[in-house]
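Q:
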Amino acid sequence: METTLFISGALILSAFTFSFAGFGFGLVAVPLLSLVLPVKEAVAIQLPFSVFLVVINSYRYGKSIKWHKLKPLFIGSAVAIPAGVYSLNLVPDMLMKRALALFIVLVVLFERWRQGQGGIGKFAKTGPGGIMLGMISGWFIGAYTTGGPPAVIYATARFPEPRNAKGAMGLYFLATDVLIVLLFAMTGLLTLELLFQSLRFTPAVLAGFLAGSYFFKNITKRTYMIGVHLLLFMAAIMLCVN
62 METTLFISGA LILSAFTFSF AGFGFGLVAV PLLSLVLPVK EAVAIQLPFS VFLVVINSYR
122 YGKSIKWHKL KPLFIGSAVA IPAGVYSLNL VPDMLMKRAL ALFIVLVVLF ERWRQGQGGI
182 GKFAKTGPGG IMLGMISGWF IGAYTTGGPP AVIYATARFP EPRNAKGAMG LYFLATDVLI
242 VLLFAMTGLL TLELLFQSLR FTPAVLAGFL AGSYFFKNIT KRTYMIGVHL LLFMAAIMLC
302 VN
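So the sequence shown is numbered by my numbering: it starts at 62 and just counts up by one.
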């Protein structure tokens, strides 16, 4: 019962995060769920909801985005996603948890470092830069379905207007999610049993998504991001000691 409540709370927070920013569901869900579940199971349980929310964003914001502008990101991801998926069956859980913790810390530090953000933004606009960010994003999508930050860097660099940036992220994650679902099914990481287990938490995800949409009107993004960063740091510490 306690595990079920914890999973519900983690998915509520993850959906709340996604409703705010247009990304971050897996980034929040996987480290929290892996505190009570094996990493492979944590990834599989949150995946159906991640796909569903991405479909919503793609429909709302992606209509004006040209697919060819995302080509470097897609090339890099196509190369790296399969490697990330197969690493789930080869790398011990503890090593994966520590790698995920390190990744979270680096992402948070990057987000807090404004000067670095500008420099990497310029790099992302280049072809090789887009491919490299796609490879980093693809590997973490394949391994943990948490490859959002590198793709977000690319999207915001190429599409400064927020709605267009969300549209670009939606289209990118829609395409990668289709591939990741197929790979997970082929390798046995996503089974019907896990799918039905995941669907039990649908009310929690809907509650988080609706709450995020409502409170976004009254809470500043700066305040929200500080809270998320603190939570991610806490999750990273717990992953290292668990």
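Each residue gets a CB set at the ideal place from its N, CA and C atoms; glycine is no exception. Small disclaimer: the values here were computed from a predicted structure and weren't measured.
(1) If we define contact as Cβ-Cβ less than 8 Å, is Phe262 a contact residue for chain B?
(2) Quick one: residues in its chain with C-beta nearer than 7 Å to the C-beta of Ser274, no 5 flanking neighbours on either side, listed in chain order?
(3) Go ahead and label Ile197 buried or exposed: buried means 16 or more other beta carbons lie within 10 angstroms of its beta carbon, across all protein chains shown.
(4) Would you check if the distance between the CB atom of Phe86 and the CB atom of Ser95 is smaller than 8 Å?
(5) Given this structure, state the Cα-to-Cα distance separating Phe294 from Ile73, to the nearest angstrom.
(6) Just the Cα atoms here: how many angstroms apart are Ala204 and Met157?
(7) According to DSSP, simplified to helix, strand and coil, what is Ser95?
(8) Would you mind sorting Ala226 into buried or exposed? The rule is 16 or more other CB atoms within 10 Å of its CB.
(9) Nearest CA to the CA of Tyr120: which residue from Leu253, Ala236 and Gly195?
A: According to the structure shown:
(1) Of the chains in the structure shown, none is chain B; there is only one protein chain.
(2) Same-chain partners within the cutoff: Ser80.
(3) Answer is buried; the Cβ neighbour count reaches 16.
(4) no
(5) 18 Å
(6) In a straight line, the C-alpha of Ala204 is about 9 Å away from that of Met157.
(7) Here Ser95 sits in coil by DSSP.
(8) buried
(9) Ala236
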